[in-house]
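Residues in the sequence shown are numbered from 17 upward in steps of one, following this note's numbering. Below is one structure, written out as structure tokens; the observations come after it.
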Amino acid sequence: MCRFLAYRGEPIFLDELVCAPAHSLVHQSLHAVEAKTGTNGDGFGIGWYGERPEPGVYREVRPAWSDENLRSLCEQVRSKLFFAHVRASTGTSTTRANCHPFTHGRYLFMHNGQIGGYGRIKRRLESLIPDELYDRRLGTTDSEAIFLMALANGLAEEPVTAMARTLKTVRGLMTEAGIEEPLRFTAAFTDGENLWAYRWSCDAKPPTLYFREDNGNLLIVSEPIDDKTKGWREVPKGCSLVAKDGIIAVECLNEAMSRLAA
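Structure follows, in structure tokens:
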């Protein structure tokens, strides 16, 4: 399982969260404590918003703990909204195209989790991605496929409903294929202004996800980057965290999926 963080708030240098804390994301790339594996060394990526609507992205296949360019960039880049991700592959190759975050226009997306039995439904899943979005399919991961499917399902307009529809579709394909392995999904998505995070699984064992708000600054992480007593709250299972128009709220992803079945 991967580790990630997302930040929205007053502009800060990326290294304040990615590199500097005692249990920073770089530290978690080698010493994660709430993941199935302690090491997340199959590449990393950062995506940030600056003066332009589209985000800048830097992705690399080297482990985050050994890339001096990552530290240098994080010390120099300042942003009001950024994503950072360290990868532990669940089977697909270690390439730049498979490193998170993924982009489409002004949108950023990153994921932690996996589609159980992905290889058995990959072809059917990809057939649901429309041609105009499939052109953006640069890698081979289930994460990128989910992102493109969700965009096709209206992620830009209704991020919670679109993701619920996407997860429901993927789960349906898994059931039809007789796959017993779980679908586990935590993820973050942004349009450059607003931020959504998701925590869901079909077996009620989703990967961990936390958030902390401090004076209007929002930080979302796979696991806390410092002491757990410092204001961290867990995103409830089966829910989405929505940070939009200055309001932070929790919405039930399970309910959104149930409404689709009605």
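Positions of the beta carbon are idealized from the N, C-alpha and C atoms, including for glycine. Model, not experiment: these values are computed from the prediction.
For R19, the uninterrupted beta strand (DSSP E) run begins and ends at R19 to F29, by DSSP. When W64, N114, V176 and F201 are compared, the shortest CA-CA separation from C218 is found for F201. Here the alpha carbon of L97 sits roughly 23 Å from the alpha carbon of W81. Here DSSP, grouped into helix, strand and coil, assigns C90 to helix. Three or more beta-carbon pairs separated by less than 8 Å link the region 97–108 to the region 58–70, which places the two stretches in contact. Contact check for L41 against S95 fails: the beta carbons are separated by 8 Å or more.
Within the same chain, G63, P71, F99, P117 and T206 come within 6 Å of L124 by CB-CB distance, once the 5 residues on both sides are set aside. Scanning the region 125–168 for uninterrupted alpha helix (DSSP H) segments of 4 residues or longer gives 134–142, 147–150 and 158–168, listed from N- to C-terminal end.
If you compare the alpha carbons of E160, A113, A51 and R122 with that of S238, the shortest gap goes to A51. Shown here for R140: same chain residues with a beta carbon closer than 7 Å to its own, the five before and five after excluded, namely L189 in chain order. Cα atoms of L89 and R19: separation of roughly 19 Å, rounded to the nearest angstrom. Comparing alpha carbon positions, the residue from G133, S105, I195 and L269 closest to L257 is L269.
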